[in-house]
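Peer 1: Numbering (numbering that gives the first Met the number 0), first residue to last: 0 to 162. Virtual Cβ for every residue (Gly too), placed ideally from N, Cα, C. No experiment lies behind these values; they were computed from the predicted model shown. First, the structure itself, so that you have it in front of you.
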Amino acid sequence: MLAVLITGCTSTTDESNYDPLTTEVPTRPSGQKDVLGFTTPKMETVRVGFIGLGMRGPGAVNRFTHIPGVEIVALCDLHPDRVEKTQKILENAGLPAAAGYSGEEESWKELCDRDDIDLVYIVTDWKRHAEMMIYAMEQGKHVACEVPAAMTMEEIWNVINTA
């Protein structure tokens, strides 16, 4: 359900001094297929839950209020005041309040467990991105995540294999 694109650029004038970066590809689980070209049936309404409402999260919520066919269903942050502040963005856009999750380290899992969310948008600290993406996908959700998506090669491969 998630496609990951990692790109890089190397510029050198002396190709004899160039040593390309190589990474060992681990053995993939049986039956794995890549998600290149993955499509999903069209959804008339995409129901979104946001995790992380600190610096960039409220801006993402604000942008989504302008997208036709989006319903913002849930908002989550460790700090309750951030959820309340972001609810005002919905109110100012003439939209209904979203369910709020906060106060506990694992509150985000409750958001992911909801049956009425199609897309989980992750805007948290980098350390938890992979864990949150994997959990959300395991609950059948599509995932959008700010970069970096993962902090280690092991996390990257876990995200890829889950997708």
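Which residue from D76, L89 and P147 puts its Cα closest to that of L52?
Peer 2: In the sequence shown, the residue the question calls residue 52 occupies position 53. The shortest C-alpha separation from L52 is found at D76.
Peer 1: Quick test of your reading: V142 and A135, contact by CB under 8 Å. State the CB separation rounded to the nearest angstrom.
Peer 2: Position 143 of the sequence shown, counting from 1, holds the residue named residue 142. Position 136 of the sequence shown, counting from 1, holds the residue named residue 135. The Cβ separation is near 5 Å, so the contact holds.
Peer 1: Could you give the residue range of the alpha helix (DSSP H) that holds H128?
Peer 2: The count along the sequence shown starts at 1 and reaches residue 128 at position 129. Start and end: H128 to E137.
Peer 1: If we ignore side chains and look at the alpha-carbon of each, how far apart do E90 and Q138 end up?
Peer 2: As a first step, residue 90 must be located in the sequence shown, where it is residue number 91. As a first step, residue 138 must be located in the sequence shown, where it is residue number 139. C-alpha separation (whole angstroms): 29 Å.
Peer 1: Hey, how far is the Cα of S29 from the Cα of N160?
Peer 2: One-based indexing of the sequence shown puts residue 29 at position 30. One-based indexing of the sequence shown puts residue 160 at position 161. Spanning the two alpha carbons is a distance of roughly 10 Å.
Peer 1: Ends of the alpha helix (DSSP H) at A98?
Peer 2: Position 99 of the sequence shown holds residue 98. Segment A98 to Y100 is the beta strand (DSSP E) holding A98; no alpha helix (DSSP H) there.
Peer 1: Quick one: what's got a C-beta closer than 7 Å to R81's C-beta in the same chain, skipping five residues either side?
Peer 2: Here residue 81 is taken as the residue at index 82 of the sequence shown, counted from 1. If we look at R81 and ignore the five residues flanking it on each side, its Cβ neighbours are L52 and G53.
Peer 1: Which of the three DSSP states is assigned to I159 in this structure?
Peer 2: Start at 1 with the first residue of the sequence shown, and residue 159 comes out as number 160. Residue state, collapsed to three classes: helix.
Peer 1: Report the rounded CA-to-CA distance for S101 versus P19, giving the unit in angstroms.
Peer 2: Locating residue 101 in the sequence shown gives position 102, where the first residue counts as 1. Locating residue 19 in the sequence shown gives position 20, where the first residue counts as 1. Computed Cα separation, rounded: 45 Å.
Peer 1: In whole angstroms, give me the CA-to-CA distance for T64 and W107.
Peer 2: One-based indexing of the sequence shown puts residue 64 at position 65. One-based indexing of the sequence shown puts residue 107 at position 108. The straight-line gap from Cα to Cα measures roughly 21 Å.
Peer 1: Unbroken alpha helix (DSSP H) runs of length 4 or more, entirely within the stretch 10 to 94: which are they?
Peer 2: Segments of the alpha helix (DSSP H) lying fully in the stretch 10 to 94: 56 to 63 and 79 to 91.
Peer 1: Would the beta-carbon of V60 fall within 7 Å of that of V45?
Peer 2: To locate residue 60, count along the sequence shown from 1; it is residue 61. To locate residue 45, count along the sequence shown from 1; it is residue 46. The answer is no: Cβ separation not under 7 Å.
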